[in-house]
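In my numbering, the protein residues as written are 37 to 201.
Don't be surprised by glycine CBs; every beta carbon is placed ideally from N, CA and C.
Note that this is a predicted model, so its numbers are computed, not measured.
Written below as structure tokens is the structure these notes are about.
Right under this line is the structure:
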């Protein structure tokens, strides 16, 4: 947050460059410390969306699910671990004819089960408050100012002070 700026101006400045743009720009700039003394003119419309409720997302944790599966396999635990390693290897390679057929036959059923379990869990979770989106539509231009030229804001302050005497 920039000190001495109203909250709305801080929000506008923070919103001017998207995360994607920052990543792209960063690819072209090397590491280091850069001195900067620039003035920009920002003009346009800044829209702040209404806050809203959102259902949280649920992802079934694979490692934890498999750990529980092995733990609850009981007497077949050792066989289950070997079978799990074999299946993981084939699923990663996906070039085994037998594995391809088994995947095609069973993936829809497993996907439906995951969806059903996720939906049951989501129904029990409270909605999360989400801040409305912020969008800027306008222009940002670099202002060229000569060393001896005062900033436009300074001229306005001087003019305002002259009239108060």
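| query | Pick from 167, 161, 173: whose alpha carbon is nearest that of residue 86? | reply | Here residue 86 refers to the residue found at position 50 when the chain shown is read from its first residue. The candidate whose alpha carbon is nearest that of residue 86 is 167.
Quick one: is residue 96 buried, meaning 16 or more other Cβ sit within 10 Å of its Cβ, or exposed? As a first step, residue 96 is located in the chain shown; it is residue number 60 there, counting from the start. Answer is exposed; the Cβ neighbour count stays below 16.
Q) Using 8 Å as the Cβ pair cut-off and three pairs as the minimum, do the region 51-61 and the region 131-147 touch? A) no
message: Run through the DSSP bridge pairs and tell me what residue 177 is partnered with.
response: The sequence position of residue 177 within the chain shown is 141, counting from 1. Its beta-bridge partners are 77.
Practice task
Please report how far the alpha carbon of residue 164 lies from the alpha carbon of residue 89, in whole angstroms.
Solution key: Taking the chain shown and counting its residues from 1, the one referred to as residue 164 is at position 128. Taking the chain shown and counting its residues from 1, the one referred to as residue 89 is at position 53. When the Cα atoms are used, residue 164 and residue 89 turn out to be separated by approximately 5 Å.
Practice task
Give me the Cα-Cα distance between residue 109 and residue 141, rounded to the nearest whole angstrom.
Solution key: Counted from its first residue, the chain shown places residue 109 at position 73. Counted from its first residue, the chain shown places residue 141 at position 105. Rounded to the nearest angstrom, the two C-alpha atoms are 24 Å apart.
Span separating the alpha-carbon of residue 71 from that of residue 93
For the purposes of this step, residue 71 is identified with residue 35 of the chain shown, where counting begins at 1. For the purposes of this step, residue 93 is identified with residue 57 of the chain shown, where counting begins at 1. In a straight line, the C-alpha of residue 71 is about 43 Å away from that of residue 93.
TODO: Express the C-alpha separation of residue 130 and residue 99 in angstroms, rounding to a whole number.
DONE: As a first step, residue 99 must be located in the chain shown, where it is residue number 63. As a first step, residue 130 must be located in the chain shown, where it is residue number 94. In a straight line, the C-alpha of residue 99 is about 20 Å away from that of residue 130.
**OP:** Decide if residue 48 is buried, meaning its Cβ has at least 16 other Cβ atoms within 10 Å, or exposed.
**Re:** Residue numbering aside, residue 48 sits at position 12 when the chain shown is read from its first letter. Flag for residue 48 reads buried.
Selected residue, minimal CA-CA separation from residue 121, among 106, 46, 150, 77: As a working mapping, residue 121 is identified with position 85 in the chain shown. Out of 106, 46, 150, 77, 106 has the C-alpha closest to the C-alpha of residue 121.
Per the DSSP calculation, residue 83 is bridged to which residue(s)?
For the purposes of this step, residue 83 is taken as residue 47 along the chain shown, with counting starting at 1. Answer is 171, bridged to residue 83.
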